[in-house]
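Q:
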Amino acid sequence: MRLKMVDSLEAMLNKVKSLKPTATATNALNKSELEFLPAALEIVETPPSPVGRATAWVLITLFVLALTWACIGQVDEVAVAPGKVIPSGYTKTIQAEDKGVVKNILVKDGSKVQPGDVLIELDTTITASDLARLLKEQGYYQLEIKRLIAEQTGQPFVPDPNPNVNSQDLLNQLLLYRVDIDEYQSKVATAQQAVIQVRSALNIAQSTKRKLEMQLEISVDKEAKMRQLVEQGAVSQFQYQDYRERMLTLQQDYESQTTELEKAQSALLQSIESLNNVMSQHDRDIMSKLVENRRQLQTVEEELKKAKEKHRLSTITSPIAGTVQQLAIHTVGGVVTPAQALMLVVPEGAKMEIETWIANKDIGFLYEGQNAEVKVETFNFQKYGTLNAKLVDLSSDAVDDKDKGLVYRAVVQTELDYFALANDRKVYLTPGMAVTAEIKTRQKRIVEYFMDPFIKYRSEGLRER
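Each number in the numbering used here comes from the position in the sequence shown (counting from 1) with 1269 added on.
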């Protein structure tokens, strides 16, 4: 059955081939006849469609073009660095130096301030009290020192006008000066009188000794002459003994007077020493008091400096001209703590910069002057585009970030500090905006993006055990 069908088909084909109709009739006949052929023969005899070949050639052409472009074309390789917008002069954080109670708040968010303008006033009751107490102590010790110097030099005590010294303290110092001077002068006068008395007794003793010395010389001479007369028998032994007795008496008186004279001389030395002791002790007492008072004054003045600084810091002022932002305290009577951030002051006229953090793997390809593009998170870059920028500063040392590890700080300066929106509206960059900086490091062929993984695998993977 199957052989008969094949034979009939071959006969039909031969008959068709023997016919020579026009081209149009042949195509129509072929198409009509092919529709009645079995499916297998219809597929075999049907000529291929030119669309398939055209599609294949198009795909091949596109592949060749893409490969050529990948080998020749280049794209920018960038280092992506997240960051934020900052003013070029850095935002100044206003902090409280010490604990205090808010007395007055003189600014609000958006307020324009100049250097020295008062921002917040803290209650000064305690600091003013400490300051007044220390000023009073300072005045007291200064007055005490001046009085002691007057006593030491013997000059009149004339206090300088001092508003921190009350009249009672001044009167007490004047009375104390008079009492000390009178007491010292009394002691000196007593010691001097003792010296005068001892010196007078010494003079009498010296005069008496000289008188006895002369009498003794005469008596010795008489005794010698009477002894010669006794030996010659001119006078009696009794008369000689009388002269000799008077000589011995004078000799004893002379020796006794010599002892008294030595005692008087010793007493004079002691009285002079006592006078010197009175004066030197007075000087030592004054010097000791001066040293102590000067030490106390120095301590008070050091505390006074701290109290003045603390009192000054009760008035919080602006260090720069700028705009107040992020005011953190709004309640009068509220308590501020040391180092508490109260507000920010953005420098006036400061140009906005981009502070970014460079990953350690990218730092070797970066240098100042490289071009960059900045994407601002609040503006979709696909709709609003990016800002052209330039890398202007790159730190030389890394910072240890707890989340990112070792990173390098970099500053990028944009050409424009605003985005142009519809209706000629401009939205300017403000401090704190989150951004992403793409710093162009070099140009790279597209094919390298596909080849790099294989090159890395060949250089690393094949050498591993």
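Beta carbons: idealized from backbone N, C-alpha and C, even for Gly.
On the DSSP bridge list, what partners appear for residue 1695?
A: 1689
Q: Please report the straight-line C-alpha distance between residue 1554 and residue 1410, rounded to a whole angstrom.
A: 17 Å
Q: With H, G and I counted as helix, E and B as strand and the rest as coil, what does DSSP make of residue 1274?
A: Here the model assigns residue 1274 a pLDDT of 44, short of 50, so the residue's position is not dependable, and the following value carries that caveat. In the structure shown, residue 1274 sits in a helix (DSSP, three-state: H, G or I).
Q: Use the C-beta contact count for residue 1523: other C-beta atoms within 10 angstroms, 16 or more gives buried, fewer gives exposed.
A: buried
Q: Please report how far the alpha carbon of residue 1562 lies from the alpha carbon of residue 1414, in whole angstroms.
A: 7 Å
Q: Three-state secondary structure (DSSP) at residue 1556?
A: Here residue 1556 sits in helix by DSSP.
Q: Compute the Euclidean distance between the alpha carbons of residue 1473 and residue 1493, then round it to the nearest angstrom.
A: 30 Å
Q: Please report the residue range of the alpha helix (DSSP H) in which residue 1419 lies.
A: 1394-1422
Q: Going by Cα to Cα distance, which pick from 1495, 1462, 1531 and 1530 is closest to residue 1514?
A: Out of 1495, 1462, 1531 and 1530, 1495 has the C-alpha closest to the C-alpha of residue 1514.
Q: My output table needs one value for residue 1293: the three-state DSSP class, helix, strand or coil.
A: Since pLDDT at residue 1293 reaches only 40, below the 50 mark, its modelled position is unreliable, and no value is offered.
Q: Please report the residue range of the beta strand (DSSP E) in which residue 1364 lies.
A: 1361-1364
Q: Between residue 1566 and residue 1421, which are expected to be in contact by the criterion C-beta below 8 Å, what is the C-beta distance as a whole number of angstroms?
A: The C-beta distance from residue 1566 to residue 1421 rounds to 16 Å, too long to fall under 8 Å, and the pair is not in contact.
Q: Can you tell me whether residue 1705 is helix, strand or coil according to DSSP?
A: strand
Q: Under the three-state reduction of DSSP, which class applies to residue 1644: helix, strand or coil?
A: strand
Q: Helix, strand or coil for residue 1460 per DSSP?
A: DSSP places residue 1460 in the helix class (H, G or I) of the three-state scheme.
Q: What distance in whole Å lies between the Cβ atoms of residue 1688 and residue 1681, which are believed to be in contact at a cut-off of 8 Å?
A: Contact doesn't hold; Cβ gap of about 16 Å is too wide.
Q: When we look at the beta-carbon of residue 1327 and count the other beta-carbons within 10 Å, is it buried (16 or more) or exposed?
A: Only exposed fits residue 1327, as fewer than 16 other CB atoms lie within 10 angstroms of its CB.
Q: Going by alpha carbons, who is nearest to residue 1641 out of 1378, 1629 and 1622?
A: Answer by Cα proximity: 1622.
Q: If distances are taken between C-alpha atoms only, which option among 1530, 1324 and 1402 comes closest to residue 1476?
A: 1530
Q: Name, in chain order, the residues that DSSP records as bridge partners for residue 1571.
A: Answer is none; residue 1571 lacks a bridge partner.
Q: My guess is that residue 1624 and residue 1353 are in contact by the Cβ rule of under 8 Å, so how many angstroms apart are they, rounded?
A: 6 Å
Q: Can you tell me the Cα-Cα spacing of residue 1591 and residue 1446, whole angstroms?
A: The straight-line gap from Cα to Cα measures roughly 58 Å.
Q: Are the beta-carbon atoms of residue 1613 and residue 1597 separated by less than 7 Å?
A: no
Q: On the criterion of 16 or more Cβ atoms from any shown chain inside 10 Å, does residue 1267 qualify as buried, or is it exposed?
A: What the structure shows of the chain is the stretch from 1270 to 1734, and residue 1267 is not part of that stretch, so it cannot be assessed.
Q: When you compare only the Cα positions, how much space is there between residue 1319 and residue 1329?
A: 15 Å
Q: Note down the Cα distance separating residue 1502 from residue 1509, rounded to an integer number of angstroms.
A: 11 Å
Q: Determine the DSSP secondary structure at residue 1378, reduced to helix, strand or coil.
A: Three-state DSSP puts residue 1378 in coil, outside helix and strand.
Q: Nearest CA to the CA of residue 1369: which residue from 1390, 1376 and 1351?
A: 1390
Q: Residue 1272: buried (16+ other C-beta within 10 angstroms of its C-beta) or exposed?
A: Caution is warranted here: a pLDDT of 41 is assigned to residue 1272, below 50, making its placement in the model unreliable, and no coordinate value can be reported.
Q: In whole angstroms, what is the alpha-carbon distance linking residue 1589 and residue 1386?
A: 9 Å
Q: Using a Cβ-Cβ cutoff of less than 7 Å, which residues in the same chain neighbour residue 1584 once the five nearest sequence positions on both sides are dropped?
A: 1387 and 1390
Q: Looking at the unbroken beta strand (DSSP E) that takes in residue 1677, where does it start and where does it end?
A: 1674-1683
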